[in-house]
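The block underneath contains the structure these notes are about, expressed in structure tokens.
There are 2 protein chains.
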Amino acid sequence: METAPSPEKRKYENLLLAALPAAERARLDPYLHFENMKSGLSITTPGEPIQNLYFPFDAVTSTVQEMSDGSSIESGLMGLEGLAGVQVWLRQTSTPSKTFVQIPGTGMRISTEDFIREVRDTSSPLNDLIAAYVHAFLVLTSLTAACNRLHTVDERLCRWLAMCYNRAGRREFPLRHEFLAQMLGVHRPTVSVAANMLQKAGLIQYQRGNLRILNPEGLIDGACECYSIMEAQVTSIYRQTRSEKKSPSEFRLRRA
Amino acid sequence: METAPSPEKRKYENLLLAALPAAERARLDPYLHFENMKSGLSITTPGEPIQNLYFPFDAVTSTVQEMSDGSSIESGLMGLEGLAGVQVWLRQTSTPSKTFVQIPGTGMRISTEDFIREVRDTSSPLNDLIAAYVHAFLVLTSLTAACNRLHTVDERLCRWLAMCYNRAGRREFPLRHEFLAQMLGVHRPTVSVAANMLQKAGLIQYQRGNLRILNPEGLIDGACECYSIMEAQVTSIYRQTRSEKKSPSEFRLRRA
DNA sequence: GTACGTCGGTGCGGTGCCGTACAGAGTTGG
DNA sequence: CCAACTCTGTACGGCACCGCACCGACGTAC
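In order, the protein sequence lines correspond to chains A and B. Residues in the first sequence are numbered from 1 upward in steps of one, following the working numbering. Residues in the second sequence are numbered from 1 upward in steps of one, following the working numbering.
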């Protein structure tokens, strides 16, 4: 199997940025600002203009759909493999979905104006990478649509935790059942039962809002097939560039 | 309310193409081939290269996710408001999802090579429109992810039929319960019960694989809120261009 | 300490859909 | 006109999750 990367190495990497030629990365450097992405930081809000885009390092962001009756559910999540705020790249100033930081961490921020001027409306090689990522995100969202209907809460919980672990690059992060329920589109007690099962099986460990992943492989085993397809799609973006440059595939994928 | 467009007028229109300046539309004309899009025509197949893109007129296409156990579910549908095969625009040669013609009709075909050379890799104004449509399709797919989990089969059936009606531009088209079940991600008998309810309520009429929509407003009333958000997103693409050119908004939207 | 708020575990009746089976109604072909 | 097939309606036990309620464990403030 692959060896897990050291946390220090992972901490300051975004796969899109890492796949850029050094010269282009240097050109964009003045517009990229290192940021501590705190939990709950809003990236897109329905009806409001998108102010910044984010290249996450070890932060994880979620796109959720909220219904008028208060129920909500996640339709996509992204981390180091992507760019939060791709709607700007698609020539939009706002979007009806909500996107925010789910698991706190670090990342690079670029303002909408800088992004449009220096990336979107130029011939930056980053555009090709973003196009591929938008496609991967569309695939991920499509599969989420299927997964939400066809698979059980237990399977989806395993998939979700495994994918978060891959993106956060660490075993422990803050996470409440209430919050998980909103992501999975189920009620809180349903999550409690499912999470408790995983805890008893020795896969995870809970303690008042803090989750610790004990056995990532076990989670993958418990997840539905969607896990493999989603993660394979993401890694395929970076497969072409791997031979050209240093391997950026510290992105973990198991059982693909 | 709005008056329904005459079928003849609707029959040869795709909103993306209609929104183009006349000169650009004329420039692309040699590459666009009128086609009778028959039921089941495959547009994207997992693992295989995408050969053609389609601008539907009154045909409706579906993107579905298929699981290894044989179950399947739709993650997005598109018709006259979009372009089937946008993955090519996103620099992909293939995609893991399956896209095919759901309701037969007409449309314009363009080969992948022609599209890349004459649209994607040029500064055609069509690129801006497609970007906006890709965003709308992403929003639609995201909402489908939520809808599939949070809403009942009855609500989703109403939404689906109403959206198909908007795109097909006619009241009658071939449709079997078996097929609807695959779209909604439920079992066939579940669809039979739900469809029978709508029939008894006088909203639709079934006859051995042929569906006739009797009361579109009734379907919209029975649909979940997702209907309005999805359709509003699509019409918003064409709102900007409406003042500039002739109104292409024969796309029906009610209760938005 | 006591009081309070937050978070997680559990129980239980209700319901929506599953999974499967079967019957009837229409359609096609000899 | 009968046989075979396709499509739709219906029935029923089972299960996953809902919806709600309650309790206990832990953390924090005073």
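We put the CB at the ideal spot given by N, CA and C, even for glycine. Because the structure is a prediction, the values reported are computed rather than measured.
For residue 216 of chain B, the closest C-alpha among the options B:181, B:232, B:158, B:188 is that of B:158. Taking residue 107 of chain A as reference, the option from A:53, A:174, A:44 with the minimal CA-CA separation is A:53.
Our two residues, residue 80 of chain B and residue 196 of chain A, have alpha carbons roughly 48 Å apart in a direct line. Distances from the alpha-carbon of residue 31 of chain A to those of A:100, A:15, A:111 put A:111 closest. Put simply, the backbone Cα of residue 45 of chain A is about 10 Å away from that of residue 51 of chain A. With a threshold of 7 Å between beta carbons, residue 144 of chain A makes contact with chain B. The residue from B:35, B:236, B:28 with its alpha-carbon nearest to that of residue 134 of chain B is B:236.
Cβ atoms of residue 177 of chain A and residue 191 of chain A come within 8 Å of each other, at about 5 Å. Residues of the region 87 to 103 of chain B with a C-beta less than 9 Å from any C-beta of chain A: 87, 89, 90, 91, 92, 95, 96, 97, listed in chain order.
Cβ neighbours of residue 219 of chain B within its own chain (closer than 6 Å, five residues either side excluded): 158, 161, 162, 203. Only residues of its own chain outside the window of five on either side were considered, and among them 140, 143 have a CB closer than 6 Å to the CB of residue 230 of chain B, listed in chain order. By the Cβ rule, the region 11 to 30 of chain A counts as touching the region 66 to 83 of chain A, because three or more pairs are nearer than 8 Å.
Within its own chain, the residues whose Cβ lies closer than 8 Å to the Cβ of residue 210 of chain A, once the five positions on either side in sequence are excluded, are 172, 173, 174, 175, listed in chain order. As the crow flies, the alpha-carbon of residue 24 of chain A is around 18 Å from that of residue 132 of chain A. Residue 150 of chain A reaches chain B at 67, 71, 73, 185, counting residues in chain order whose Cβ is nearer than 8 Å. A check of alpha carbon separations from residue 234 of chain A across A:166, A:193, A:200, A:199 identifies A:166 as the nearest. In this structure, A:20 is the residue among A:238, A:239, A:20 with its C-alpha nearest to the C-alpha of residue 125 of chain A. Taken through DSSP and simplified to helix, strand or coil, residue 110 of chain B comes out as strand. Along the region 212 to 235 of chain A, the positions whose C-beta sits under 9 Å from a C-beta of chain B are 224, 225, 226, 229, 232, 233, read in chain order.
Excluding five sequence positions before and after residue 39 of chain A, the CB atoms of its chain that fall closer than 8 Å to its own CB belong to 101, 102, 103, 104, 174, given in chain order. At a Cβ-Cβ threshold of 7 Å, residue 120 of chain B and residue 89 of chain B count as neighbours.
With a beta-carbon spacing of about 6 Å, residue 48 of chain B and residue 94 of chain B fall inside the 8 Å limit used to define contacts. For residue 75 of chain B, the CB contacts under 6 Å within the same chain, skipping 5 residues up- and downstream, are 63, 65, 141, 144 in chain order. By the CB criterion at 7 Å, residue 84 of chain A and residue 61 of chain A fall inside the cutoff. Only 128, 131, 132, 134, 135, 138 from the region 127 to 138 of chain A bring a Cβ to less than 7 Å from some Cβ of chain B.
When 9 Å is used as the limit between beta carbons, residue 63 of chain B is near these residues of chain A: 142, in chain order.
Judged by DSSP in its simplified three-state form, residue 173 of chain B adopts strand. Under the three-state reduction of DSSP, residue 218 of chain B is assigned to helix. Between residue 91 of chain B and the set A:109, A:127, A:123, the nearest pair of CA atoms involves A:127.
Residue 57 of chain B sits buried, since 16 or more C-beta atoms from the chains shown fall within 10 Å of its C-beta.
Our two residues, residue 205 of chain A and residue 35 of chain B, have alpha carbons roughly 58 Å apart in a direct line. Listed along chain B are 142, each with a C-beta nearer than 7 Å to that of residue 76 of chain A. At a Cβ-Cβ threshold of 7 Å, residue 149 of chain A and residue 73 of chain B count as neighbours. DSSP, reduced to helix, strand and coil, places residue 78 of chain A within a strand of the structure shown.
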